[in-house]
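S.K.:
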Amino acid sequence: MSYRRIILFATVLTALTGSVIAEDGNALYEKAAKAMASKDYNTAIPLLQQAVQADPDNLRNASELRQAVLRQTIAAHPKEGSTADFDKDIAFFEQVTKAHPMSANAFLNFGFAYVDKIAAAGSITQVILANTALTQFTKSIELKPTWIAYYTRGNSYLYWPKIFGRAQMGVDDLEKAYAIQKMEPKRSYHVRVYNSLGDGYWKTDKLDRAIEIWKEGAAAFPDDPGLKARLSKKGEDLEKYINDVLDPNKRVDTDLKELWRIQ
Amino acid sequence: MRPPHFKPWRKAWIAVALGLPAVVLAVEGIEAKIRFADVTQKAGVNIVHHTRQFKGSTGDVLHMFTSGGSSAAVGDYDNDGFDDIFVTDSDAGKPNHLFHNNGNMTFTDVAAAAGVVKGNDPDAIVADALWFDYDNDGKEDLLIGRFGTPILYHNEGGGKFKDVTANSGFTKFGNTIASVAFDYDNDGLLDVMLGNYFKPVNLITGGDPHVLPNDLDNAVNGGGVTLWHNQGGGKFVEVTQKAGFAKHTGWTLDIGHGDFNNDGYQDVYLACDYGTDRIYFNNGDGTFTEKTETATGFDTRKGMNADVADYDNDGWLDIYVTNITDEYMKECNMLWHNNHDGTFTDVSRETNTCETLWGWSAKFGDFDNDGWKDLFVVDGLRSAGKDNYIPVVVNLITTPGVDFTDARLWPNIGNMSWSGYQKKKMFRNLGGTAFKEISAEAGVDNDKDGRGIGMGDFDNDGKLDLYQANADQLPYLYRNNSEGVGNWVQIKLTGTKSNRDAIGARITLKAGGLTQIHEIDGGNGYAGQSTKKAHLGIGKASKVDSVEVHWPSGLVESFDGVQINKLNKLTEGSGHKQAAWKVAKN
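Protein sequences appear in the order of chains Z and W.
Just so we're aligned, residue 104 is where the first sequence starts under this note's numbering, counting upward by one.
Just so we're aligned, residue 34 is where the second sequence starts under this note's numbering, counting upward by one.
1) Closest by CA to aspartate 117 (chain W), which one among W:Asp492, W:Pro585, W:Asp439 and W:Gly221?
2) For isoleucine 148 (chain Z) versus alanine 171 (chain Z), is the C-beta distance shorter than 8 Å?
3) Among the residues of its own chain, which have a CB less than 7 Å from the CB of histidine 281 (chain W), if the five just before and after it don't count?
4) Determine, for isoleucine 109 (chain Z), whether the minimum Cβ-Cβ distance to residues of chain W falls below 8 Å.
5) Look at tyrosine 353 (chain W) and leucine 414 (chain W) and say whether their C-beta atoms are less than 8 Å apart.
6) Select from the segment 421-447 of chain W all residues with a C-beta closer than 8 Å to any C-beta belonging to chain Z, and list them in chain order.
7) Could you list which residues in chain Z have their beta carbon closer than 7 Å to that of threonine 182 (chain W), in chain order?
8) Give a yes or no on whether 8 Å exceeds the smallest Cβ distance from glycine 225 (chain Z) to chain W.
9) To the nearest angstrom, how far is it from the Cα of serine 166 (chain Z) to the Cα of threonine 378 (chain W)?
10) If I measure Cβ to Cβ from alanine 280 (chain Z) and keep anything under 7 Å in the same chain, skipping five residues before and after, which residues do I get?
11) For serine 201 (chain W), tell me which candidate among W:Gly266, W:Ile553 and W:Ala145 has the shortest Cα-Cα distance.
12) Taking 8 Å as the threshold (beta carbon to beta carbon), is lysine 265 (chain Z) in contact with chain W?
13) Grab me the residues of phenylalanine 468 (chain W)'s own chain with a C-beta within less than 7 Å of its C-beta, minus the 5 sequence neighbours each way, in chain order.
14) For asparagine 503 (chain W) and isoleucine 423 (chain W), I'd like the C-alpha separation in whole angstroms.
15) Report the residue from W:Leu286, W:Lys525, W:Asn129 and W:Ala106 whose alpha carbon sits nearest the alpha carbon of threonine 13 (chain W).
16) Give the C-beta separation of leucine 569 (chain W) and valine 518 (chain W) to the nearest angstrom, bearing in mind that I take them to be a contact with Cβ-Cβ under 8 Å.
17) With a threshold of 8 Å between beta-carbons, can isoleucine 231 (chain Z) be considered close to chain W, or not?
18) Flag this pair as yes or no: are the beta carbons of threonine 357 (chain Z) and valine 218 (chain Z) separated by less than 8 Å?
19) Taking Cβ positions, are glycine 465 (chain W) and tyrosine 361 (chain W) nearer each other than 8 Å?
20) In chain order, what residues of the segment 237-258 of chain W put their CB closer than 9 Å to some CB of chain Z?
21) What are the boundary residues of the beta strand (DSSP E) that includes threonine 378 (chain W)?
22) Can you check DSSP and say which residues form a bridge with tyrosine 260 (chain Z)?
23) Taking 8 Å as the threshold (C-beta atoms), are threonine 358 (chain W) and cysteine 365 (chain W) in contact?
24) So, for histidine 38 (chain W): in the same chain, excluding its five sequence neighbours on each side, which residues have a beta-carbon less than 6 Å away from its beta-carbon?
25) Name the chain W residues that come within less than 7 Å of asparagine 234 (chain Z), Cβ to Cβ?
26) Does DSSP put tyrosine 344 (chain Z) in a helix, a strand or coil?
27) Chain Z partners of lysine 363 (chain W), CB-CB under 8 Å?
28) Within the segment 547-580 of chain W, note down every full beta strand (DSSP E) run reaching 3 residues or more, in order along the chain.
29) Give me the chain W residues within the contact set of glycine 73 (chain Z), using Cβ-Cβ distance strictly less than 8 Å, ordered along the chain.
30) In this structure, does DSSP put asparagine 462 (chain W) in helix, strand or coil?
31) Output yes if chain Z places a C-beta closer than 8 Å to the C-beta of glutamate 388 (chain W); else output no.
32) Let me know if valine 81 (chain W) comes out buried or exposed under the rule of 16 or more other beta-carbons within 10 Å of its beta-carbon.
33) Taking the alpha-carbon positions, what's the isoleucine 124 (chain Z) to isoleucine 430 (chain W) distance?
34) Go ahead and label arginine 382 (chain W) buried or exposed: buried means 16 or more other beta carbons lie within 10 angstroms of its beta carbon, across all protein chains shown.
35) Assess, as a yes-or-no matter, whether the segment 145-157 of chain W is touched by the segment 121-135 of chain W under the definition of 3 or more beta carbon pairs within less than 8 Å.
36) With a threshold of 8 Å between beta-carbons, can valine 577 (chain W) be considered close to chain Z, or not?
Structure representation (structure tokens):
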């Protein structure tokens, strides 16, 4: 896949997350947003599900649906929510991907639905969920090799303990995401790749390259607390910090709001 | 209901939260250096354990899954005043060992002469052992837990044992890995609970390959537990269903009993692999009610051990559970602090007892006699070649739709290691507020594949020694050589109306401004039974202010003349009768 083609897809992605939203889906989303604002998840969730079905490649609707499910289950089951609630969400996205097998963003959100469940699951189920999520992220990349897909899969690989040898796969993906963002106008979410790619280099024992990319990121995003923290730490302190960031027992923020927020 | 005595531990907790050194708020204590010396060879207990070898295509996998049967049971079978050690082996035809304590920190294996070598039959695997006086004749009898049917030996005296299994009622097959004895109905006879790992199919002859856990975090196809009521006359009757335990089908690895709610009845904590532990409260009428959801909450961890003690001297029993915390799995152990209301809070992170790698047995014991119970934890699954099994097995685990129960699908481990070469952990109790790891300086940070711990004062010098049973390796016998330790009190209780072993009896001892409780337990802790002599450190105190015993019969007595730095023998009915404690509902 040439980078030109990747950029093309990235452009398509930007459009999808911005203005090209089906009218029906948009109306449903607006209704759901009002319900979400009043924490009426029972109303919001079916509306968002309809919106996703109407426009499966729309990242906003799918992301907001997952956030609604997450908030609802955590409200009912403090700490990390109910695995059964997450299973319903997974089943929904599975059905969406079956109905729309060419929808890259549906697969991306299908993967995120598995990630959302991880913190609520047992230690071995976490491995299974993480691996299944990777499968969906891979399908998304195969359909559309976008910045968000590469970043997501690359970052996911980094959560795997070193013993599984997946960190280099993460670096490979994150380097692709980095290449894409270098050819785009600067966006706030690009800082994520600087953080994660550096973490990937660190995990593959390339500390010099890690520091280099973190410094490059800090030059572009001087106020980013993650980059500041990484660049201020050394040795065991840095190891503790990165291990803490990549602790699979902690909930991973899969809210994609940043992608369609005004840059 | 037993009267709780409250201590200002909350003040210390606040100190911990504020980052202050916990030790500064501890009761003034002694400055002992906890040190242990490896005396395994010199003591003559250097025998290697052997895990069962299985035949067929699933042999390698079953060998791996049944490597937990290296256990040690401490008890004075010949009443000579020195605790002896029964040690299991597990491979076909391999003998068990009865190490008679010669009184000089050497031991002689007398298993053959005593008649207790057997158990590792072609179709049965020895996995645990338990000393208990089931007929109250003053001599410790012996129960052998097996992947098979148990064996019950009656102590005939004169160093001889007789197999009385056939008429005992213990004829039900189970894959038993844990055994405890306690008197759940306070009728004066010790009952038996067996913890079973696999479902009740014979792994050797059964031919069913679907024997492994159906879920690795929420398995429900294990062996559960069975409860056996002692009818007297050497007869036991299964009461699992009647007592309320039949619904538990988890992979039980350990059983911890104790009076968790101070109502005079023994409650039960089940540590379970591949899924949630369970806690049952005794209703006092021969039945139990499961209270997991409200007491601790459900978990998905790999529970391996349940030891019970009042680590913070607040008058309520707490529970320590080991799980798996390694590079690839971050579960954290659980130190269940008793909230005095039927609920528990896990304080393992706050107390620094969270991480002990692939944990197995853990035992509370006051190793420096300062009045605060320390903790020894053994760990390590399989130390072999340099290749690691984890990346191999993860391919199976992540295969969509794979049937985990099918042993044929699991990759062979061959000579690979799996959470091997792990250093053992010893923690010093810093006044009930936190623990400090002292493994290396204490000399117990060996890297063998630990399983059970048997604790006792084998040389009667007033310091607790440790026997560490390892899988497929030599054991360790550690003599406690600590310097500058505090004074101590040992108490051997003898029940008359209560069970003679006094299992379940609670001692409340006051000395030096500290009040401690100690319950005699019947085999708490994974694959290991510790001495039935209560050992209580009292620091710098030069006398005992009071000793009270709450017997399982309900009798409460105080005893005069309890001496420090000696073994005191207290018999039920010979003390000063006290008013029964008021029942205060949780």
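All C-beta atoms, glycine included, are put in the ideal place defined by N, C-alpha and C.
M.R.: A quick look at the data gives this:
1) For the purposes of this step, residue 117 (chain W) is taken as residue 84 along the second sequence, with counting starting at 1. Closest option to aspartate 117 (chain W), Cα to Cα, is W:Asp492.
2) Stepping through the first sequence from its first residue, residue 148 (chain Z) is reached at position 45. Stepping through the first sequence from its first residue, residue 171 (chain Z) is reached at position 68. Taking 8 Å as the cut-off, the beta carbon of isoleucine 148 (chain Z) is found closer than this to the beta carbon of alanine 171 (chain Z).
3) The count along the second sequence starts at 1 and reaches residue 281 (chain W) at position 248. Answer for histidine 281 (chain W): Gly257, Val258, Leu303 and Arg311, listed in chain order.
4) Against the first sequence, residue 109 (chain Z) aligns to sequence position 6. Reliability of the predicted coordinates at isoleucine 109 (chain Z) is poor, the pLDDT of 38 falling under 50, and the value obtained from them is presented with this limitation in mind. So no, isoleucine 109 (chain Z) is outside the interface.
5) The count along the second sequence starts at 1 and reaches residue 353 (chain W) at position 320. The count along the second sequence starts at 1 and reaches residue 414 (chain W) at position 381. No; because the gap between Cβ atoms is not below 8 Å, this pair is not in contact.
6) Within the segment 421-447 of chain W, the residues whose Cβ lies closer than 8 Å to some Cβ of chain Z are Asn421, Ile423, Pro424, Val427, Ile430, Thr431 and Pro433, listed in chain order.
7) The count along the second sequence starts at 1 and reaches residue 182 (chain W) at position 149. None at all; the shortest Cβ gap to chain Z is about 32 Å.
8) Numbered from 1 along the first sequence, position 122 holds the residue referred to as residue 225 (chain Z). At least one chain W Cβ lies under 8 Å of glycine 225 (chain Z).
9) For this step, residue 166 (chain Z) is matched to residue 63 along the first sequence. For this step, residue 378 (chain W) is matched to residue 345 along the second sequence. Going from the Cα of serine 166 (chain Z) to the Cα of threonine 378 (chain W) covers about 35 Å.
10) Position 177 of the first sequence, counted from the start, is the residue given in the question as residue 280 (chain Z). Here the set comprises Trp250, Tyr253, Tyr254, Gly257 and Val296.
11) Working through the second sequence from its first residue, we reach residue 201 (chain W) at position 168. Sorting W:Gly266, W:Ile553 and W:Ala145 by C-alpha distance to the C-alpha of serine 201 (chain W) places W:Gly266 at the top.
12) As a first step, residue 265 (chain Z) is located in the first sequence; it is residue number 162 there, counting from the start. Chain W contact via Cβ: present.
13) To locate residue 468 (chain W), count along the second sequence from 1; it is residue 435. For phenylalanine 468 (chain W), where only same-chain residues beyond five positions count, the Cβ hits under 7 Å are Thr384, Asn385, Thr386, Leu408, Phe460, Arg461 and Asn462.
14) Position 470 of the second sequence holds residue 503 (chain W). Position 390 of the second sequence holds residue 423 (chain W). Answer to the nearest angstrom: the Cα atoms are 21 Å apart.
15) This structure cannot settle anything about residue 13 (chain W), because the visible part of chain W is limited to 34 through 619.
16) Within the second sequence, residue 569 (chain W) is the residue found at index 536, counting from 1. Within the second sequence, residue 518 (chain W) is the residue found at index 485, counting from 1. So it is not a contact: roughly 13 Å between Cβ atoms.
17) Locating residue 231 (chain Z) in the first sequence gives position 128, where the first residue counts as 1. Cβ-Cβ to chain W under 8 Å: yes for isoleucine 231 (chain Z).
18) The residue labelled residue 357 (chain Z) in the question sits at position 254 within the first sequence. The residue labelled residue 218 (chain Z) in the question sits at position 115 within the first sequence. Yes. Within cutoff.
19) The residue given as residue 465 (chain W) occupies position 432 in the second sequence. The residue given as residue 361 (chain W) occupies position 328 in the second sequence. Tyrosine 361 (chain W) sits away from glycine 465 (chain W), with the two beta carbons spaced by 8 Å or more.
20) The segment 237-258 of chain W vs chain Z, Cβ under 9 Å: Asp248, Leu249, Asp250 and Asn251.
21) Mapped onto the second sequence, residue 378 (chain W) falls at position 345. Residues 377-379.
22) Numbered from its first residue, the first sequence carries residue 260 (chain Z) at position 157. Looking at the DSSP assignment, tyrosine 260 (chain Z) forms no beta bridge with any residue, so it has no partner.
23) The sequence position of residue 365 (chain W) within the second sequence is 332, counting from 1. The sequence position of residue 358 (chain W) within the second sequence is 325, counting from 1. Annotated as proximal: cysteine 365 (chain W) and threonine 358 (chain W), with beta-carbon spacing under 8 Å.
24) Here residue 38 (chain W) corresponds to residue number 5 of the second sequence, with the count starting at 1. Its pLDDT being 47, under 50, histidine 38 (chain W) is placed unreliably by the model, and nothing is read from it.
25) Here residue 234 (chain Z) refers to the residue found at position 131 of the first sequence. Residues of chain W with a Cβ closer than 7 Å to the Cβ of asparagine 234 (chain Z) are, in chain order, Thr431.
26) The sequence position of residue 344 (chain Z) within the first sequence is 241, counting from 1. In the structure shown, the three-state DSSP call for tyrosine 344 (chain Z) is helix.
27) Counting from one through the second sequence, the residue named residue 363 (chain W) turns up at place 330. For lysine 363 (chain W), the residues of chain Z that pass the 8 Å Cβ criterion are Ser226, Asp350, Pro351 and Asn352, in the order they occur in the chain.
28) When DSSP assignments are scanned along the segment 547-580 of chain W, the uninterrupted stretches of beta strand (DSSP E) that are 3 or more residues long and fall wholly within it turn out to be 547-552 and 567-572.
29) Residue 73 (chain Z) lies beyond the stretch modelled for chain Z, which goes from 104 to 366, so this question has no answer here.
30) As a working note, residue 462 (chain W) is residue 429 in the second sequence. DSSP places asparagine 462 (chain W) in the strand class (E or B) of the three-state scheme.
31) Taking the second sequence and counting its residues from 1, one reaches residue 388 (chain W) at position 355. For glutamate 388 (chain W), not one C-beta of chain Z is nearer than 8 Å to its own C-beta.
32) Position 48 of the second sequence, counted from the first residue, corresponds to residue 81 (chain W). By the 10 Å Cβ count, valine 81 (chain W) comes out exposed.
33) As a first step, residue 124 (chain Z) must be located in the first sequence, where it is residue number 21. As a first step, residue 430 (chain W) must be located in the second sequence, where it is residue number 397. Confidence is the limiting factor: at isoleucine 124 (chain Z) the pLDDT is only 47, short of 50, which leaves the residue's position unreliable and the question unanswerable from this model.
34) Numbered from 1 along the second sequence, position 349 holds the residue referred to as residue 382 (chain W). By the 10 Å Cβ count, arginine 382 (chain W) comes out exposed.
35) Flag = yes, the segment 121-135 of chain W and the segment 145-157 of chain W touch.
36) Against the second sequence, residue 577 (chain W) aligns to sequence position 544. By this cut-off, valine 577 (chain W) is not an interface position.
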